[in-house]
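First comes the structure, then the notes that go with it.
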Amino acid sequence: MKKIGVFTSGGDAPGMNACIRAIVRAAVYHGIEVYGIHRGYKGMIKGEIYKMDSHTVSNIIQKGGTILRSARSKDFVTPEGRKQAYEQLQKHGIEGLVCIGGDGTFTGANIFYEEFGIPIVGAPGTIDNDLYGTDYTIGYDTAVNTALDAIDKIRDTADSHDRVFFIEVMGRDSGYIAIPCAIGGGAEIVMIPEAETSIENVVDALRTGWNRSKTSFIVIVAEGDEAGNASQVAAKVQEELPHMDARVTILGHVQRGGAPTAADRMLASQLGIACVEGLLKGEKCVMAGIINGELVYTPFIETITKDKLINPHYLNMVNILSV
Numbered sequence: 001m002k003k004i005g006v007f008t009s010g011g012d013a014p015g016m017n018a019c020i021r022a023i024v025r026a027a028v029y030h031g032i033e034v035y036g037i038h039r040g041y042k043g044m045i046k047g048e049i050y051k052m053d054s055h056t057v058s059n060i061i062q063k064g065g066t067i068l069r070s071a072r073s074k075d076f077v078t079p080e081g082r083k084q085a086y087e088q089l090q091k092h093g094i095e096g097l098v099c100i101g102g103d104g105t106f107t108g109a110n111i112f113y114e115e116f117g118i119p120i121v122g123a124p125g126t127i128d129n130d131l132y133g134t135d136y137t138i139g140y141d142t143a144v145n146t147a148l149d150a151i152d153k154i155r156d157t158a159d160s161h162d163r164v165f166f167i168e169v170m171g172r173d174s175g176y177i178a179i180p181c182a183i184g185g186g187a188e189i190v191m192i193p194e195a196e197t198s199i200e201n202v203v204d205a206l207r208t209g210w211n212r213s214k215t216s217f218i219v220i221v222a223e224g225d226e227a228g229n230a231s232q233v234a235a236k237v238q239e240e241l242p243h244m245d246a247r248v249t250i251l252g253h254v255q256r257g258g259a260p261t262a263a264d265r266m267l268a269s270q271l272g273i274a275c276v277e278g279l280l281k282g283e284k285c286v287m288a289g290i291i292n293g294e295l296v297y298t299p300f301i302e303t304i305t306k307d308k309l310i311n312p313h314y315l316n317m318v319n320i321l322s323v
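Heads up, the sequence shown is in UniProt numbering, so the first residue is 1 and it goes up one at a time.
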């Protein structure tokens with residue numbers, strides 16, 4: 001293999017640039033030409049492909065976002081669009097791909113490999129940490145610390161004004177951000193998609209705390225909780241507990257940005273090298289990940305279809321620590 005391409009797709013995550021840097025420099029180290037593909041599958045179709053070298057990725061390890069940009073592509077969903085993407089890769093002589101992204105990225109990569117046989121190895125880049133086949137995804141640690149910093153600040157205001165804050169964190173299908181934020185932020189309640197927490201449960205917990213002379217509360221709500229988002233939950237609770245001063249804070253996309261933590265830089269660098277060396281060893285249609293400190297390659301089909309479960313012990317920790 002003499003030429004490979006690298007692209008980022010889906011939502012950006014802190015550490016993507018560190019991963020791009022590792023991929024490019026690992027390729028150079030092994031004597032492989034490496035090409036950056038701008039704007040993911042959309043750029044692949046349009047031929048937004050350029051050669052990269054060590055200098056191209058200088059001074060980016062500390063930067064959030066992705067220098068390769070990211071975009072959604074309706075055309076790549078079609079066979080015609082994927083054929084155009086393949087033809088663009090052929091023009092540049094690209095023989096293998098490294099993709100950095102989440103389940104949507106890997107779903108597209110899996111189909112692309114089945115149709116055209118180009119070896120693809122993926123690096124898990126998503127703040128949600130919801131991909132099967134790795135203990136942690138690139139960007140997760142930074143996102144949690146960003147959210148936790150905000151929660152600590154909101155706690156000061158909650159205590160000062162005797163308020164209940166419903167804080168919404170990202171996690172449409174996963175509570176992996178919400179759980180450590182709840183434990184580390186001293187929240188009284190956490191609501192995640194993986195575990196049902198009814199409005200009645202929330203009301204009972206807040207009322208119990210209030211009766212124990214507790215006057216401020218933090219409720220962490222993952223955006224995909226079955227009871228609704230933070231605003232909806234707060235409105236329902238306020239109806240039952242009108243004497244409480246309830247406020248809502250939606251942390252939103254602030255969780256995706258910012259300089260990656262040391263942990264994310266280390267993980268991204270390790271996985272970037274693993275992707276390139278995986279291609280050289282003949283890996284294809286797999287995601288590189290770290291499980292129990294060991295490098296593993298998991299087929300895309302498993303990564304995108306198997307659930308990554310949350311340890312119920314963490315939920316119990318929230319209950320114990322909120323007493």
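All residues carry an ideal CB built from backbone N, CA and C; glycine is no exception.
> Apart from the five residues on each side of it in sequence, which residues of its chain come closer than 6 Å, Cβ to Cβ, to residue 303?
Replying inline: 106, 131, 132, 133 and 287
>> Restricting to runs no shorter than 4 residues, where is the alpha helix (DSSP H) found entirely within the region 161-220?
In response: 178-184 and 199-211
>> Can you tell me whether residue 323 is helix, strand or coil according to DSSP?
In response: coil
> Contact check, residue 326 vs residue 101 under 8 Å by CB: the rounded distance?
Replying inline: The structure shown has nothing for residue 326, since the chain only spans 1 to 323.
>> If contacts are defined as beta-carbon pairs under 8 Å, then residue 128 and residue 264 qualify, I think. What distance do you get, rounded to the angstrom?
In response: Incorrect: roughly 14 Å between the Cβ atoms, too far for contact.
> Nearest to residue 158 by CA position, among 293, 301, 20 and 247, is which residue?
Replying inline: 247
>> By DSSP's criteria, residue 37 is part of a beta bridge. Which residues make up the other side?
In response: 49
>> Helix, strand or coil for residue 125? Go by DSSP, reduced to three states.
In response: strand
> Do you know how far the Cα of residue 59 is from the Cα of residue 10?
Replying inline: 23 Å
> Looking at residue 178 and residue 190, is the spacing between their C-beta atoms short of 7 Å?
Replying inline: yes
> At what residues does the alpha helix (DSSP H) containing residue 300 begin and finish?
Replying inline: 300-305
>> Taking 7 Å as the threshold (C-beta atoms), are residue 5 and residue 45 in contact?
In response: no
> Helix, strand or coil for residue 295 per DSSP?
Replying inline: strand
> Which residues in the same chain have their Cβ closer than 8 Å to the Cβ of residue 85, if we skip the five residues on either side of it in sequence?
Replying inline: 41, 44, 45, 76 and 112
> Going by beta carbon distance, what residues of the same chain come within less than 7 Å of residue 226, once the five residues before and after it are set aside?
Replying inline: 193 and 196
> Cβ atoms of residue 322 and residue 188: under 7 Å apart, would you say?
Replying inline: yes
> Residue range of the beta strand (DSSP E) that residue 3 falls in?
Replying inline: 3-8
> Which residues does DSSP pair with residue 286 in a beta bridge?
Replying inline: 121 and 299
>> Quick test of your reading: residue 167 and residue 251, contact by CB under 8 Å. State the CB separation rounded to the nearest angstrom.
In response: 7 Å
> Using DSSP with H/G/I as helix, E/B as strand and the rest coil, what is residue 273?
Replying inline: helix
> Once you ignore the five residues that flank residue 30 on each side, which residues in its own chain have a CB closer than 7 Å to its CB?
Replying inline: 276 and 280
>> Quick check on DSSP: helix, strand or coil for residue 265?
In response: helix
> So residue 258 packs on residue 146, CB below 8 Å; how close in whole Å?
Replying inline: 6 Å
> At what residue ranges does the region 57-94 contain a whole run of the beta strand (DSSP E), taking only runs of 3 or more?
Replying inline: none
> Going by Cα to Cα distance, which pick from 307, 269 and 306 is closest to residue 62?
Replying inline: 269
> What is the rounded straight-line gap between the Cα of residue 118 and the Cα of residue 313?
Replying inline: 42 Å
> residue 65 to residue 318, Cα distance in whole Å?
Replying inline: 32 Å
> Counting along the chain, where does the beta strand (DSSP E) carrying residue 249 start and finish?
Replying inline: 245-250
> In three-state terms, what does DSSP make of residue 154?
Replying inline: helix
>> By DSSP's criteria, residue 222 is part of a beta bridge. Which residues make up the other side?
In response: 169
> If we ignore side chains and look at the alpha-carbon of each, how far apart do residue 69 and residue 254 end up?
Replying inline: 17 Å
> So who's on the other strand from residue 98, going by DSSP bridges?
Replying inline: 6 and 121
> Can the beta-carbon of residue 1 be found less than 7 Å from the beta-carbon of residue 95?
Replying inline: yes
> How big is the Cα-Cα spacing for residue 35 and residue 217?
Replying inline: 50 Å
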